[in-house]
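Notes to accompany the following structure.
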Amino acid sequence: MKKSIKIITDGSCDFPQEVIDRVNPGIVGINVAFGDESFIGGVEIDDETFYNKMRGCKELPKTSSPSPDRFLELYNCEEDEVLVFTLTSKLSSTYSNAVLAKNMYLEENPHKRIEVIDSQSGSIGVALMILKCNELIENGKNMDEILDAIEGFKKEIIFFGALDTLENAIKGGRINAVAGKLINALNFKVIIRIEDGLVKPIDKARGGSNSLKKALEYVKNHLTHVETRTVVIGHANCPEKAEKIKQIINEGSNFKEILIASIGPIMGTFTSEGAILVSVL
Numbered sequence: 001m002k003k004s005i006k007i008i009t010d011g012s013c014d015f016p017q018e019v020i021d022r023v024n025p026g027i028v029g030i031n032v033a034f035g036d037e038s039f040i041g042g043v044e045i046d047d048e049t050f051y052n053k054m055r056g057c058k059e060l061p062k063t064s065s066p067s068p069d070r071f072l073e074l075y076n077c078e079e080d081e082v083l084v085f086t087l088t089s090k091l092s093s094t095y096s097n098a099v100l101a102k103n104m105y106l107e108e109n110p111h112k113r114i115e116v117i118d119s120q121s122g123s124i125g126v127a128l129m130i131l132k133c134n135e136l137i138e139n140g141k142n143m144d145e146i147l148d149a150i151e152g153f154k155k156e157i158i159f160f161g162a163l164d165t166l167e168n169a170i171k172g173g174r175i176n177a178v179a180g181k182l183i184n185a186l187n188f189k190v191i192i193r194i195e196d197g198l199v200k201p202i203d204k205a206r207g208g209s210n211s212l213k214k215a216l217e218y219v220k221n222h223l224t225h226v227e228t229r230t231v232v233i234g235h236a237n238c239p240e241k242a243e244k245i246k247q248i249i250n251e252g253s254n255f256k257e258i259l260i261a262s263i264g265p266i267m268g269t270f271t272s273e274g275a276i277l278v279s280v281l
């Protein structure tokens with residue numbers, strides 16, 4: 001049976017394979033450039049290759065928002081209703097480009113309904129929202145009901161992480177190089193929270209295991225009704241670490257589902273290699 005609503009997102013969204021298999025979303029590629037070399041993330045460069053290249057670069061790779069033309073291509077689908085999720089507008093112009101493409105498309109195709117959502121999130125957070133929306137679609141909910149639910153998702157989503165290194169923050173000039181290298185040398189790891197469309201450092205811990213433990217404590221402290229919730233663990237080229245976190249979460253809870261995703265070039269440029277993100281909805 002054909003789904004009534006097509007879901008589209010941009011290449012900043014980091015999907016577990018299970019979500020791709022269930023939803024089959026349209027994905028608008030985002031470019032990532034190393035000097036004069038430019039690639040479409042997830043299409044022309046895979047995650048492992050991206051991290052290998054980034055490790056050897058003195059400067060951070062640069063990412064650029066997809067053009068309206070890329071959205072236009074995917075809006076031209078057989079479904080009469082389209083639901084588009086973009087990376088938070090506080091970090092990217094992707095949302096505004098998706099809206100521009102929507103207005104252009106509807107001039108020629110007024111019968112279509114296209115709703116563009118500023119996720120106020122990114123990476124695995126968007127993947128979780130999309131998974132929940134797909135469940136609503138499969139349960140026969142209409143677009144207006146889904147839009148109401150999305151506003152709730154934005155408030156309910158829990159999203160924390162632990163950075164293994166500040167190397168990219170140093171490269172990007174977000175932290176003083178001397179201070180950053182000292183923090184790395186002392187083996188301090190930064191705990192972050194993704195909230196209201198921004199990535200915010202909220203705490204630190206010494207050592208990788210302590211930082212992961214602290215990040216999971218933050219997640220746990222914000223949880224209710226775990227049996228109805230899904231967890232996505234994102235890893236920046238460290239799948240073994242993600243599997244270990246999954247085992248820890250599995251042993252202490254009865255979540256509906258726990259999934260693992262690779263963190264791609266967009267969020268990976270910020271987090272550096274070795275980061276773990278955990279999001280619950």
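Heads up, the sequence shown is in the UniProt record's numbering, so the first residue is 1 and it goes up one at a time.
Think of the CB as a built atom: it goes at the ideal place given N, C-alpha and C, for glycine as much as any other residue.
Bear in mind that the values here come from a model prediction, so they are computed numbers and not experimental data.
Helix, strand or coil at residue i [DSSP, three-state]
i: residue 289; result: A query on residue 289 cannot be resolved here, the shown segment of the chain reaching from 1 to 281 and no further.
i: Pro25; result: coil
i: Met1; result: Reliability fails at Met1, whose pLDDT of 46 lies under 50, so the model's placement of it is uncertain and the value that follows must be treated cautiously. Three-state result, Met1: coil.
i: Pro265; result: helix
i: Phe153; result: helix
i: Leu203; result: According to the sequence provided, residue 203 is Asp. The question's Leu does not apply to it. It is a strand residue.
i: Phe188; result: strand
i: Leu216; result: helix
i: Thr230; result: strand
i: Leu281; result: coil
For residue i: DSSP bridge partner residues
i: Ile276; result: Ala162, His235
i: Lys6; result: Val82
i: Asp118; result: Thr86
i: Ile260; result: Ile233
i: Glu251; result: Its beta-bridge partners do not exist; DSSP assigns none.
i: Ile194; result: Val199
Assigned exposure category for residue i - 16 Cβ within 10 Å defines buried
i: Asp21; result: exposed
i: Gln120; result: buried
i: Ala101; result: buried
i: Ser67; result: exposed
i: Leu223; result: exposed
i: Glu217; result: exposed
i: Arg55; result: exposed
i: Ala169; result: buried
i: Pro16; result: buried
i: Pro25; result: buried
i: Asn134; result: buried
i: Asn97; result: buried
i: Asp148; result: exposed
i: Asp10; result: buried
i: Ala215; result: buried
i: Met1; result: Because the pLDDT at Met1 is just 46, under 50, the model does not fix this residue reliably, and the value given afterwards should be weighed accordingly. Result: exposed.
i: residue 283; result: Lying before the first or after the last residue shown, residue 283 is absent from the chain, which here runs from 1 to 281.
i: Asp14; result: buried
i: Pro110; result: exposed
request  = Taking 8 Å as the threshold, find out whether the stretch 114 to 132 comes into contact with the stretch 252 to 272 through three or more Cβ pairs.
outcome  = yes
inquiry  = With three or more C-beta pairs closer than 8 Å as the rule, is the stretch 44 to 62 touching the stretch 149 to 164?
reply    = no
request  = Could you tell me whether the stretch 231 to 239 touches the stretch 199 to 209, using the rule of 3 or more Cβ pairs below 8 Å?
outcome  = no
ask   = Counting Cβ pairs, one atom from each stretch, are 3 or more of them under 8 Å apart for the stretch 25 to 38 and the stretch 49 to 62?
value = Touching, per the Cβ criterion.
request  = With a floor of 3 residues, list each beta strand (DSSP E) that falls wholly inside the stretch 10 to 91, ordered by position along the chain.
outcome  = 26 to 28, 31 to 34, 37 to 40, 62 to 64, 81 to 86
contact_flag[the stretch 270 to 281, the stretch 111 to 119] where n(CB pairs < 8 Å) is 3 or more = no
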